[in-house]
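S.K.: Note that the numbering used here has the sequence shown beginning at 4, numbered continuously upward.
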Amino acid sequence: MEAATIAPCRAITPEEVAHYQEKGWVLLKRFIEPETIATLLKKAQGIMGEDGDSNPPYGIDQPYFNAQAASGYDDPAVRPMLHGIGAAAKALMARKADVPTRLFNDFFAPKLPAAKKTRNQGNGATSFHQDFITFAVDRSGGMTFWIPLEGYGPEAGTMSFIEGSHRLGVLGNYTSYDGKDIREVYPELADMPMTEQVTYELGDVTAHSHLTVHGAGQNNLDRPRWAYLVLPQPADARWNGAPPEAFVPDAHGMTPYGPFPDDAFPIISE
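#1: Mapping the DSSP letters down to three states, classify A249 as helix, strand or coil.
#2: Nearest to L85 by alpha carbon, out of I150, G55, N243, G220?
#3: Just to confirm, is the Cβ distance from S163 to E199 under 8 Å?
#4: Which same chain residues end up closer than 8 Å to T121 when comparing Cβ atoms and leaving out the 5 residues on each side of it in sequence?
#5: Would you call the stretch 177 to 185 and the stretch 239 to 258 touching, i.e. three or more CB-CB distances under 8 Å?
#6: I need the straight-line Cα distance from D78 to N123, nearest angstrom please.
#7: If you follow the alpha helix (DSSP H) that A47 is in, where does it begin and where does it stop?
#8: Only counting the same chain, and skipping five residues up and downstream in sequence, which positions put a Cβ closer than 7 Å to that of P262?
#9: CA-CA distance, R105 and L232?
#10: So what does A193 bridge to, in DSSP terms?
#11: Please check the pair A128 and Q221, which I expect to be a contact at CB under 8 Å, by giving their CB distance rounded to whole angstroms.
#12: Pick from E166, P103, S143: whose alpha carbon is nearest that of V29?
#13: Leaving out five residues on either side along the sequence, give the residues of the same chain with a beta carbon under 6 Å from the beta carbon of A91.
#14: Is it buried or exposed, D253, if we count other Cβ atoms within 10 angstroms and call 16 or more buried?
#15: Please classify Y23 as buried or exposed, where buried requires at least 16 neighbouring CB atoms within 10 angstroms.
#16: Alpha carbon to alpha carbon, how far is E158 from V251? Give it in angstroms, no decimals.
#17: Measure from the alpha carbon of S212 to the alpha carbon of each residue in C12, E248, A97, then state which is nearest.
#18: Tell me the start and end of each unbroken beta strand (DSSP E) in the stretch 78 to 115 that is at least 3 residues and wholly inside, in chain order.
#19: Does Q65 pass the burial test, meaning 16 or more other C-beta atoms within 10 Å, or should it be called exposed?
#20: So, for F268: in the same chain, excluding its five sequence neighbours on each side, which residues have a beta-carbon less than 7 Å away from its beta-carbon?
#21: Does the distance from the C-beta atom of G145 to that of T202 stay below 8 Å?
#22: Would you mind reading off the limits of the alpha helix (DSSP H) that contains A21?
#23: Which full runs of the alpha helix (DSSP H) of 4+ residues lie inside the stretch 117 to 202, going along the chain?
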């Protein structure tokens, strides 16, 4: 079969859906076929170099990772995986209404080695934060599928999640904390369990709600920690009119509370 006709993602289980709904995140073991992971790593290194640091700066200086647009939906070798992720995201959202999911964004995000001088930003720790506020959407339901392109453990700077934090609602933009940690601004987070940093085998993926507070350590390896991030949103989500970090409304002729255009933000599950 051609790569474009293969669905490389397994179906998720009711137990995984229940864990996500309760905790705000879930580890999906062996979710993606290793052959697809290898394709993604080759694609990422072809764009960013084997050092993960040879791409032009993307315009936001922060220590979390060095980002580069992936445009995976345009690649017939990657598109089937995105539809598999869309189906999984729809199940995890668990909406009673039959709402499809759309691809909001996808990008490569290598965390660069902390001990090396790097050309781009992205070789530090990831402070604890919520993703939601930066996306300028009018409703919750969005999530991030975090796909490691090799097996990694805590030494690579993998994530920890504050379980149940998605139930606290929107906790503000991290730039508004006046230099404080989100756990200082919201001390109730200390009452919630925090996971250990995740250990991933090849093909494992984590999915976390954009309302779930999470962070990561620095990468103590001598090479990049390669990751591919896929962000599905419910298809009925609208731009709320606030300045977004993840898209350029004028480039797509968007208006506040109008729909996201399907050509730029394709539907990945029905």
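Virtual Cβ for every residue (Gly too), placed ideally from N, Cα, C. No experiment lies behind these values; they were computed from the predicted model shown.
M.R.: By the coordinates alone:
#1: The residue given as residue 249 occupies position 246 in the sequence shown. In this structure, A249 counts as coil in the three-state DSSP scheme.
#2: Within the sequence shown, the letter at position 82 stands for residue 85. When each option's Cα is compared against that of L85, the closest is I150.
#3: Start at 1 with the first residue of the sequence shown, and residue 163 comes out as number 160. Start at 1 with the first residue of the sequence shown, and residue 199 comes out as number 196. Yes, Cβ-Cβ distance for S163 and E199 is below 8 Å.
#4: Walking along the sequence shown from the start, residue 121 turns up at place 118. Hits under 8 Å: D56, N69, L115.
#5: In this structure the stretch 177 to 185 does not touch the stretch 239 to 258; the number of beta carbon pairs closer than 8 Å is below three.
#6: Numbered from its first residue, the sequence shown carries residue 78 at position 75. Numbered from its first residue, the sequence shown carries residue 123 at position 120. Cα-Cα distance, rounded: 26 Å.
#7: Taking the first residue of the sequence shown as 1, we reach residue 47 at position 44. From DSSP, the alpha helix (DSSP H) with A47 extends over 37 to 51.
#8: Here residue 262 refers to the residue found at position 259 of the sequence shown. R241, listed in sequence order.
#9: Reading the sequence shown from its first residue, position 102 is the one you call residue 105. Reading the sequence shown from its first residue, position 229 is the one you call residue 232. Distance between the alpha carbons of R105 and L232 is about 14 Å.
#10: For this step, residue 193 is matched to residue 190 along the sequence shown. Answer is none; A193 lacks a bridge partner.
#11: Taking the sequence shown and counting its residues from 1, the one referred to as residue 128 is at position 125. Taking the sequence shown and counting its residues from 1, the one referred to as residue 221 is at position 218. Contact flag correct, Cβ pair sits at about 5 Å.
#12: For this step, residue 29 is matched to residue 26 along the sequence shown. The option with the nearest alpha carbon to V29 is E166.
#13: Position 88 of the sequence shown holds residue 91. So the list reads I15, once near-sequence residues are dropped.
#14: Position 250 of the sequence shown, counted from the start, is the residue given in the question as residue 253. Exposed, by the Cβ-count rule.
#15: Indexing the sequence shown from 1 puts residue 23 at position 20. When all chains shown are included, Y23 counts as buried.
#16: By 1-based counting over the sequence shown, the position of residue 251 is 248. By 1-based counting over the sequence shown, the position of residue 158 is 155. For V251 and E158, the distance between alpha carbons rounds to 35 Å.
#17: To locate residue 212, count along the sequence shown from 1; it is residue 209. Ranking the options by Cα distance to S212, first place goes to A97.
#18: 104 to 111
#19: Taking the sequence shown and counting its residues from 1, one reaches residue 65 at position 62. Classification of Q65: exposed, given that the 10 Å Cβ count is below 16.
#20: Against the sequence shown, residue 268 aligns to sequence position 265. Correct list, in chain order: R105, L106, F107.
#21: The residue given as residue 145 occupies position 142 in the sequence shown. The residue given as residue 202 occupies position 199 in the sequence shown. For G145 and T202, no; Cβs fall outside 8 Å.
#22: As a first step, residue 21 is located in the sequence shown; it is residue number 18 there, counting from the start. Its alpha helix (DSSP H) spans residues 17 to 26.
#23: 185 to 188
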